Every structure is written in structure tokens, then in C-alpha cells.
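Student: The structure is given below, and queries will be raised subsequently.
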Amino acid sequence: AKEIHQILDEKPIVTEIQIAHWQWIASYYMCAIGDVYRGVMPSALLLESETIISQKTTDFVDESLLSDDEYLVYQALQLQSSLKINEIVAILNKKNIFPVIQKLIDKGVVALQEEMQENYKPKLVRYVRLSAQYETNNGLGELLETLKNATKQKEIVLTYFQLLATEKKPITVKKLVDSAQSTTAIVKALIDKGLFEDYYLQEDRVSFTGNGKEDQLQLSEIQSKALVEITDSFIKKEVCLLHGVTSSGKTEIYIKLIEQYLLLGKQVLYLLPEIALTTQLVSRLSAYFGNKVAVFHSKYNNNERIEVWNQVLQDSEKAQIVIGARSALFLPFQNLGFIIVDEEHEQTFKQMDPAPRYHARDAAIVLASMYKAKVLLGSATPSIETYFNASTDKYGLVEVSKRYGNVMMPDIELVDLKDKYFRKRMNGHFSDVLIENITSAVALGEQVILFQNRRGYSPLLECLTCGHVPQCQQCDVSLTYHKHKNQLRCHYCGYSISKPTHCHSCTSVHLTTKGFGTEQIQQELTILFPDYKVGRMDQDTTKGKFGFEKIIDSFKNREVDILVGTQMLAKGLDFDNVSLVGIMNADNMLYHPDFRAFERSFQMMMQVSGRAGRSYKQGKVIIQTYNPDHNTIQQVTKNDYIGMYKEQLYDRQIYKYPPYFRIIKITLKHRDFDKLKEGAMWLYQVMSQNLALPVLGPEEPAINRIRNEYIRTIIIKIPQNSSIVNTKKTIQKMLNSFDAVAQYRAIKVSINVDFY
Ligand code: ADP
Ligand code: ZN
Ligand code: ZN
Numbered sequence: 062a063k064e065i066h067q068i069l070d071e072k073p074i075v076t077e078i079q080i081a082h083w084q085w086i087a088s089y090y091m092c093a094i095g096d097v098y099r100g101v102m103p104s105a106l107l108l109e110s111e112t113i114i115s116q117k118t119t120d121f122v123d124e125s126l127l128s129d130d131e132y133l134v135y136q137a138l139q140l141q142s143s144l145k146i147n148e149i150v151a152i153l154n155k156k157n158i159f160p161v162i163q164k165l166i167d168k169g170v171v172a173l174q175e176e177m178q179e180n181y182k183p184k185l186v187r188y189v190r191l192s193a194q195y196e197t198n199n200g201l202g203e204l205l206e207t208l209k210n211a212t213k214q215k216e217i218v219l220t221y222f223q224l225l226a227t228e229k230k231p232i233t234v235k236k237l238v239d240s241a242q243s244t245t246a247i248v249k250a251l252i253d254k255g256l257f258e259d260y261y262l263q264e265d266r267v268s269f270t271g272n273g274k275e276d277q278l279q280l281s282e283i284q285s286k287a288l289v290e291i292t293d294s295f296i297k298k299e300v301c302l303l304h305g306v307t308s309s310g311k312t313e314i315y316i317k318l319i320e321q322y323l324l325l326g327k328q329v330l331y332l333l334p335e336i337a338l339t340t341q342l343v344s345r346l347s348a349y350f351g352n353k354v355a356v357f358h359s360k361y362n363n364n365e366r367i368e369v370w371n372q373v374l375q376d377s378e379k380a381q382i383v384i385g386a387r388s389a390l391f392l393p394f395q396n397l398g399f400i401i402v403d404e405e406h407e408q409t410f411k412q413m414d415p416a417p418r419y420h421a422r423d424a425a426i427v428l429a430s431m432y433k434a435k436v437l438l439g440s441a442t443p444s445i446e447t448y449f450n451a452s453t454d455k456y457g458l459v460e461v462s463k464r465y466g467n468v469m470m471p472d473i474e475l476v477d478l479k480d481k482y483f484r485k486r487m488n489g490h491f492s493d494v495l496i497e498n499i500t501s502a503v504a505l506g507e508q509v510i511l512f513q514n515r516r517g518y519s520p521l522l523e524c525l526t527c528g529h530v531p532q533c534q535q536c537d538v539s540l541t542y543h544k545h546k547n548q549l550r551c552h553y554c555g556y557s558i559s560k561p562t563h564c565h566s567c568t569s570v571h572l573t574t575k576g577f578g579t580e581q582i583q584q585e586l587t588i589l590f591p592d593y594k595v596g597r598m599d600q601d602t603t604k605g606k607f608g609f610e611k612i613i614d615s616f617k618n619r620e621v622d623i624l625v626g627t628q629m630l631a632k633g634l635d636f637d638n639v640s641l642v643g644i645m646n647a648d649n650m651l652y653h654p655d656f657r658a659f660e661r662s663f664q665m666m667m668q669v670s671g672r673a674g675r676s677y678k679q680g681k682v683i684i685q686t687y688n689p690d691h692n693t694i695q696q697v698t699k700n701d702y703i704g705m706y707k708e709q710l711y712d713r714q715i716y717k718y719p720p721y722f723r724i725i726k727i728t729l730k731h732r733d734f735d736k737l738k739e740g741a742m743w744l745y746q747v748m749s750q751n752l753a754l755p756v757l758g759p760e761e762p763a764i765n766r767i768r769n770e771y772i773r774t775i776i777i778k779i780p781q782n783s784s785i786v787n788t789k790k791t792i793q794k795m796l797n798s799f800d801a802v803a804q805y806r807a808i809k810v811s812i813n814v815d816f817y
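Using the UniProt record's numbering, read the sequence shown as starting at 62 and increasing by one per residue.
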């Protein structure tokens, strides 16, 4: 047994359920438990050690035996029982303090110890109050008498009493100084005289105030019916899918359910695919639930995160409802009763890099089972996996096929870009149909959203003479042209150069751009619609803590008439004045080399279209495409989710993909092309010999080099009904033997279970 050196926390800061959940994540997603801890705990909760010294003895110390330096440290220790290294540096005013400390230790004056330190610093606010002796009835008179000749101090005292009478709560120094239009120096003078005293209180860094008194929400008949169905399904099942078309009022149904769980004294977790969406949701929820709403945000700093962590741990009033993106799943809930996963189909719920590569929706379902809590998955376009689970009775299924207020689903029109008639009438990337519709929408004061799933000006710069296309030096991709900055930029590693004036291959000056991104669309719009304000929402314009919010706000406030953007636009935003949505080019999504490409294109187009005509009138959607007859596009125009689902499900079965097969993707990376190729083949052969399962690869992905590392992938398909546990064990064994081969040790291996 060893001595207890230090007690870190009075109470544990993580719960048993958290630990069990994290262990599940490590084993299911095949990563080290350390990776999970590092990924899920706010870094400020991880401890730092700091060396300190403390006074060792209360015995008599012969001061005459101490050198000057030693004496200074010894003296400081009389006032303060321990000292940190940097404090000693300050006292001695020199860097090399260790000989001094060593002498003090040798002489038995001090002891050296390591102290664990939390990084968290509470936010303290300075308050003032009257000294106790003046709290009597005639205290004020006495006070003013003392201050007869100090006008400025008298003013402060009078303001203090005024504030006390009107505010009826403790008064901060800042408030007092601001109200009296005075300075902190004057307040300090009063404190020095012993008339006032100051004290500190800890304050929350983040808090949301809503009045919590929003008029009682009335659900429509359709919404009420859905609510009853969900509650019923929770009697028998843990998970329920709410499949409700865009603008069917899912959020209001969530609110009613949250209310029920709060009444039971349960905590509620509300997961969103994107932190940028929290602002809109927080204001909607705090209107009903007042300050019971907390947000866990990856853009929050460490201290802010710790506060939310502690509130959740203490089951505080302030954190009964926690809104967050996937990381909120890892908070120390005490009493979790209900989890909502809104827009459950969103890809962003799956963490890609670094490990743990978990899917927040699936991890939420496992977490809920540990708390015996319920999960509601919501989407207008559920993922194939989820809809499959719902239709095979694993989950409950509730459908809402009408928009709130009986607003019609948008009318979708296709523009065939192959058609000669349309082609002749193109103005830049705009068909005449699209231009006409934008013209009449903006003329009526309505707003327009235009979707293009590519940022920048154009994805390629090409030499007209020799066909050369500038490539990234570090990645196997061509550089995207950003006109505003006159730069060519790599979207994978951030590498950038200014736009060349001539071809680096043949020196020709005839360079042209190919394809188009949001920046080009915005530029064309400013020429086509000079009288209207055009905004843009993509990764380039939403940087910074509130970048996204600023654009959303200016669009909501109608400072922007036409908003151009990437898939960020598709994520559950609610604008009430948008009557037209244009999809500039539907095709590049469809032909992505990915088994989910059709599902994703459908979801994306349906979600973007869903932004049109939400509050009062039917909206219009125009899709420009070279493939108007493509099944997926036809399904979008007919609002035919089930058609899309059935077609995709059929393909998934034939080609062995989810939900019939689980996919484990192994990615190998190394700077040396030949070594990687050899290593990948070695691993592939071992795997296909030892696993009685389909193993594909080693494949060269479409982008086969990023940041100077070459990439190879191996895919393993595991039938849904076979034991994944044993398969994973075998895979792990093979990876270990791969690692044991000396020449492959430097190859980076990452595992992605349920690859998205
Ligand atoms: P969804 O999340 O299904 O796309 P929302 O919850 O955003 O739909 O609802 C669409 C719009 O209808 C919102 O502006 C919302 O305020 C409004 N709405 C929905 N249900 C109600 C209700 N019961 N009472 C008043 N307004 C509602
Ligand atoms: Zn050239
Ligand atoms: Zn690059």
C-alpha cells in the first residue's frame, strides 16, 4: 500500500455508465480506450502536474545557516505554505533555482512534491457591499458624514444605495462604477477606508435566458396524432423513427416530448448534426423551457465546456436539456431519460478522423439502453439503415407526410441541360427558367436559395494549349481556383499558390477555368441581379466563432435576397420567406464514387428543396441537370422517399452493402509508394485467406495521395447476422501480425467500422 498523496476530486467527475459506454465504443469501433478518453473528455479535465515545494518542518530552523537565496525562499514559505516553481523563479529573480531548492531539501527545510492541477479556472466576478459596521439604521448618515469632503466617494455611496433599492440584488463593482460614471480607483479608496468591502462570486460563462413563457404550444391534429404514436411505440420499443417531411413541425413534436421527460425529472439530450444549428434551436427551446437549456459546443473554450460538464454531472436545473453535436453524447448524465437525434441521416454524425470513429446516432442508441432511456430519430429523409430498422420492426415508425399548416410540398421543375432548346438560353450557369423565377421571386420581396455543392470559383484551371491542370504538390488533386483571393488552393491540405500567369508545363498564357463553384455563381448573380443583395454560405465565408450565425442572421433579417451555398444550406434551417430554391447542377453529387451516392443526392436535394415555401405558400424548386431521367432525380421530383429506399435497398442487397452487410474499412498510408503497395497487398492476402468473408482491395482511392502520403484501402464485408465480435478479433490478430513485420511497421493503419 502507498500513502494517499492527493485527493483530486471530492466526487468522481465521470460516471460508471460513461466508462461502460466508452469501453463499448473502444471495442465496437476497434480503437484504443486511450483514444476514446482523449476524444471525449474536455482537455481541461485532464490533469497537468506541477512541481511545488512546501515547508517540511515546524521545527526550529537556524536561519543563520541559510544563504541569502535560501533565506528568501524560506521566508516566503512562512507566508504561504507551498510554492510553485514559477513563484520561486519570481522570488529569486533568476532562472536556475534548482541548486537553491536542492540545498533547502538537503538541510531539511523544504519538501518537494508533485501536485496535480486542473486546468479549469472558474470565472469570478467582483462584488461590493457595505462593511458590516455601517449596516445599522443610522449607518448611512454616519457614512456620509465621514465622506463630507470626498464628493466622488460620496457619489459612489449614493449610487450604491440607489442600485440596491432598484435592483434588489448583489452589486458588482463594474455595475457600480458604470452607473456612477466613476472609476474603480474611487471604489478602492472606499474599500481601503473600510467603508466598503469587496468579495467574489463564481459566475456561469454560458447561460441562455429565455422567458420560458412562450404561449402554450398547440399541436396540429396531425402533430398530436404523431405524438401519441411515438409515446405508444416507446411502451414496447427503445427507439422510434419520426419520418416527417420537411417543415412538418418535427421540432414542435420534440418539444412536447421533452416536456414529458422533464416532468419525470429526467435529463434530455438533443443531438444536432452541426453546431452551427444550435443558435436557432436554442432560441426556439429556451422560449419554452427558459434557462433549463444548456449547449455543449466544440467551439466553446475549455472553461466553458467544464461548466456545462459540471452542470450535467450535478443534474443541475440549468442543464436539464442539453443541445449539442456528437460530442455532447459524452457528458456525465445522471438521469438521462430521452435522446433526440435530429436529422439522423446526416453524415456528420459519423466521426471520421481521428479515432474513435464512432457514429453518434448508433452510440446514442447504445447509451440510451444503458440508462434505460428512449431515443427518437427524426428526419425527412432517413438513412437507408434506419428506415430498414424501422420497417423490420426493430424501431418504432411514425410517419408525417403533410407540412405544418397544410402548406404544399414545393413544386419541382427540371431543366435539362443537354437539351438544345435550354442550352441556347443559358446565361452563364443560369437557365432562362431559373432567371425568370428568380426575377419574379425577388420582385415580390421573397428570398431565393441557390445550391451548388462546390466552393471556390472553379474546380480546375486548364491550359488551352497543352491541357495541363495545376495539381497540389502534396495531394493527388487539382487545385481549386478562388477568384477573390486570386489563388489556387487545395481543399484537402490547404496548400495554396497565387494564380499562375502562364502554364507551368508549356508556358502558354491561355489558361481557362473549368466547372464552377459557389464563388462563380455569386459573381454571375451580382451581374444578373445588380439591384439585389447576394450572400454566400460555404466553408470560406463561415470561418470564425460566429461566421455561420452572421450569415444566417442577415438572411433571416432579409438583408440578403439571394443566398448561394454548399450543403450547409441543407441542414434543417427554417426560413419563412424563401419561395424559390435552385439547384445549379445535380449531377456531380450523383456520380460520386460511393455506394451511398444516390441516397445522399436524394437527401441533399430533398433537404435543400425543403427550404422553399415553409410558412405560408407553396414553394418552387428548379433543378438543373444533364440527367433529368435519372431515377434519383425522378424520385426527388415526385417526393418519393419510399421509391428511393426500395431501389437502394435492392442494390445494397445485391452488392453486399449496409443494412445487409457491415463494412469495415482499413486505410493504409505511407510516404513510400512501393512500400505501401507491398504492405497493403500483404495484409489483403492474409485477410482474404483467414476471413471467410468478402474482402475487397487493396484499392487505390479516387484521391490516392493526401499530404504526401499515399493511400490504399481494404474493405471487409460482414453479413449483418453473423458474429461481428469474433470477426473483429481475427482482424485485430491479423493487424498485430502486420505490425510485427519490420518493414511495414511505419505504415499507418486506421480502422473504420461502419464506414460512411
Ligand atoms: P421540420 O423540423 O419538420 O422541418 P419545423 O419544426 O421547423 O419543421 O416546423 C416548420 C414551421 O412550422 C416552423 O416555422 C414552425 O415554427 C411552424 N410550426 C410547426 N408546428 C407548429 C405549431 N404546432 N404551432 C405553430 N407553428 C408551428
Ligand atoms: Zn500548357
Ligand atoms: Zn493538398
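Beta carbons: idealized from backbone N, C-alpha and C, even for Gly. Just so you know, these numbers come straight off a predicted model, no measurement behind them.
1) Measure the alpha-carbon distance for proline 780 versus phenylalanine 616 and round it to whole angstroms.
2) Alpha carbon to alpha carbon, how far is lysine 213 from leucine 191? Give it in angstroms, no decimals.
3) Check asparagine 782 in the structure and name its three-state DSSP category.
4) Look up tyrosine 261 in the DSSP assignment and say whether it is helix, strand or coil.
5) Please go through the same chain and pick out, in chain order, the residues whose beta-carbon is closer than 8 Å to the beta-carbon of aspartate 648, but skip the five residues on each side of it.
6) For asparagine 813, which residues does DSSP report across the bridge?
7) I'd like the list of long-range same chain contacts for tyrosine 745, defined as Cβ closer than 6 Å, with 5 residues on each side in sequence excluded.
8) For serine 243, which residues in the same chain have their Cβ closer than 6 Å to its Cβ, ignoring the five residues on either side in sequence?
9) What separation, rounded to the nearest whole angstrom, lies between the Cα atoms of isoleucine 400 and serine 640?
10) Is it right to say phenylalanine 734 is buried, meaning 16 or more other beta carbons lie within 10 angstroms of its own, or is it exposed?
11) Is it the case that the Cβ atoms of isoleucine 78 and methionine 431 are separated by a distance below 8 Å?
12) Hey, out of Ile252, Glu228, Val300, Gly680, whose CA is closest to aspartate 637's CA?
13) Would you mind listing the beta strand (DSSP E) stretches within the region 148 to 231 that are 3+ residues and don't spill past its ends, in chain order?
14) Which term fits arginine 672, buried or exposed, when burial requires 16 or more other beta carbons within 10 angstroms of its beta carbon?
15) From which residue to which residue does the beta strand (DSSP E) around serine 559 run?
16) If you run the structure through DSSP and keep just helix, strand and coil, what is methionine 667?
17) Going by other Cβ atoms of all chains shown within 10 Å of its Cβ, with 16 needed for buried, is asparagine 210 buried or exposed?
18) CB-CB under 7 Å to methionine 645, same chain, minus the five flanking residues each way: which ones, in chain order?
19) Can at least three beta-carbon pairs, one atom from the region 602 to 621 and one from the region 334 to 349, be found at a separation below 8 Å?
20) Taking the alpha carbon of methionine 629 as the point to measure from, which residue in Leu302, Ile114, Ile336 has its own alpha carbon closest?
21) Which first and last residues belong to the alpha helix (DSSP H) in which alanine 803 is found?
22) Quick one: grab the DSSP three-state call for serine 88.
23) Output the distance between the C-alpha atoms of lysine 215 and asparagine 364, rounded to the nearest integer angstrom.
24) Taking DSSP as the reference, what is the three-state secondary structure of arginine 515?
25) Could you tell me the boundaries of the beta strand (DSSP E) in which lysine 435 lies?
26) By the three-class DSSP mapping on this structure, what secondary structure does valine 494 have?
27) Name the two residues that bound the continuous beta strand (DSSP E) containing lysine 681.
28) If you draw a straight line from the C-alpha of leucine 549 to the C-alpha of serine 557, how long is it?
29) Alpha carbon to alpha carbon, what distance is there between lysine 479 and proline 520?
30) Looking at serine 539 and ligand 2, is the gap between the Cβ and the nearest heavy atom below 7 Å?
31) Report the option in Ile384, Ile252, Lys235, Arg187 whose CA atom is closest to the CA atom of alanine 193.
32) Along the alpha helix (DSSP H) that carries aspartate 454, what are the first and last residues, could you check?
33) Is it the case that the CB of glycine 305 approaches a heavy atom of ligand 1 more closely than 7 Å?
34) Does the region 453 to 469 touch the region 568 to 587, meaning 3 or more C-beta pairs lie closer than 8 Å?
35) Residue ranges of each beta strand (DSSP E) run of no fewer than 3 residues wholly in the region 372 to 430, ordered along the chain?
36) Sorry if obvious, but does the Cβ on glutamine 535 come closer than 7 Å to a heavy atom of ligand 3?
Tutor: Considering the structure as presented:
1) The sequence position of residue 780 within the sequence shown is 719, counting from 1. The sequence position of residue 616 within the sequence shown is 555, counting from 1. So the alpha carbons of these two residues sit roughly 47 Å apart.
2) Translated into the one-based positions of the sequence shown, residue 191 becomes position 130. Translated into the one-based positions of the sequence shown, residue 213 becomes position 152. Approximately 17 Å, taken between the alpha carbons.
3) In the sequence shown, counting from the first residue as 1, residue 782 sits at position 721. Note: asparagine 782 maps to coil in three-state DSSP.
4) For the purposes of this step, residue 261 is taken as the residue at position 200 of the sequence shown. Residue state, collapsed to three classes: strand.
5) Looking up residue 648 in the sequence shown gives position 587. Correct list, in chain order: Thr686, Tyr687, Asn688.
6) For the purposes of this step, residue 813 is identified with residue 752 of the sequence shown, where counting begins at 1. In DSSP, asparagine 813 forms a bridge with Lys726.
7) For the purposes of this step, residue 745 is taken as residue 684 along the sequence shown, with counting starting at 1. So the list reads Gly758, Pro759, Ile775, once near-sequence residues are dropped.
8) In the sequence shown, the residue the question calls residue 243 occupies position 182. Correct list, in chain order: Ile217.
9) Looking up residue 400 in the sequence shown gives position 339. Looking up residue 640 in the sequence shown gives position 579. Straight-line Cα distance between these residues: approximately 33 Å.
10) The count along the sequence shown starts at 1 and reaches residue 734 at position 673. Classification of phenylalanine 734: exposed, given that the 10 Å Cβ count is below 16.
11) For this step, residue 78 is matched to residue 17 along the sequence shown. For this step, residue 431 is matched to residue 370 along the sequence shown. Cβ distance < 8 Å, so isoleucine 78 and methionine 431 count as in contact.
12) The residue given as residue 637 occupies position 576 in the sequence shown. The shortest C-alpha separation from aspartate 637 is found at Gly680.
13) List check, beta strand (DSSP E) in window: 171 to 178, 184 to 191.
14) Taking the sequence shown and counting its residues from 1, one reaches residue 672 at position 611. Arginine 672 should be labelled buried.
15) Position 498 of the sequence shown, counting from 1, holds the residue named residue 559. Start and end: 557 to 559.
16) Counted from its first residue, the sequence shown places residue 667 at position 606. Here methionine 667 sits in helix by DSSP.
17) Against the sequence shown, residue 210 aligns to sequence position 149. By the neighbour-count rule (16 or more Cβ atoms within 10 Å), asparagine 210 is not buried but exposed.
18) Taking the first residue of the sequence shown as position 1, residue 645 is located at position 584. Cβ within range, chain order: His490, Leu511, Phe512, Gln513, Ile582, Gln685.
19) yes
20) Against the sequence shown, residue 629 aligns to sequence position 568. Here the closest residue by C-alpha is Ile336.
21) Your numbering for residue 803 matches position 742 in the sequence shown. In the DSSP assignment, alanine 803 falls outside any alpha helix (DSSP H) and carries neither an H nor an E.
22) Here residue 88 is taken as the residue at index 27 of the sequence shown, counted from 1. Of the three classes helix, strand and coil, the one that applies to serine 88 here is helix, per DSSP.
23) Looking up residue 215 in the sequence shown gives position 154. Looking up residue 364 in the sequence shown gives position 303. Rounded to whole angstroms, lysine 215 to asparagine 364 spans 38 Å at the Cα level.
24) Translated into positions along the sequence shown, residue 515 becomes position 454. Note: arginine 515 maps to coil in three-state DSSP.
25) Here residue 435 corresponds to residue number 374 of the sequence shown, with the count starting at 1. Note, lysine 435: beta strand (DSSP E), 435 to 440.
26) The residue labelled residue 494 in the question sits at position 433 within the sequence shown. Residue state, collapsed to three classes: helix.
27) One-based indexing of the sequence shown puts residue 681 at position 620. Segment 681 to 686, the beta strand (DSSP E) holding lysine 681.
28) Position 488 of the sequence shown, counted from the first residue, corresponds to residue 549. Position 496 of the sequence shown, counted from the first residue, corresponds to residue 557. Straight-line Cα distance between these residues: approximately 6 Å.
29) As a first step, residue 520 must be located in the sequence shown, where it is residue number 459. As a first step, residue 479 must be located in the sequence shown, where it is residue number 418. For proline 520 and lysine 479, the distance between alpha carbons rounds to 21 Å.
30) The sequence position of residue 539 within the sequence shown is 478, counting from 1. Checking every heavy atom of ligand 2 against the Cβ of serine 539, none is found closer than 7 Å.
31) Numbered from its first residue, the sequence shown carries residue 193 at position 132. Per the Cα distances, Ile252.
32) Taking the sequence shown and counting its residues from 1, one reaches residue 454 at position 393. Aspartate 454 -> no alpha helix (DSSP H), and no H or E assigned at all.
33) The count along the sequence shown starts at 1 and reaches residue 305 at position 244. True, at least one ligand heavy atom lies under 7 Å from that Cβ.
34) The way I'd put it, the region 568 to 587 doesn't touch the region 453 to 469; fewer than three beta-carbon pairs between them come closer than 8 Å.
35) 382 to 385, 397 to 403
36) For the purposes of this step, residue 535 is taken as the residue at position 474 of the sequence shown. Yes, the Cβ of glutamine 535 comes within 7 Å of a heavy atom of ligand 3.
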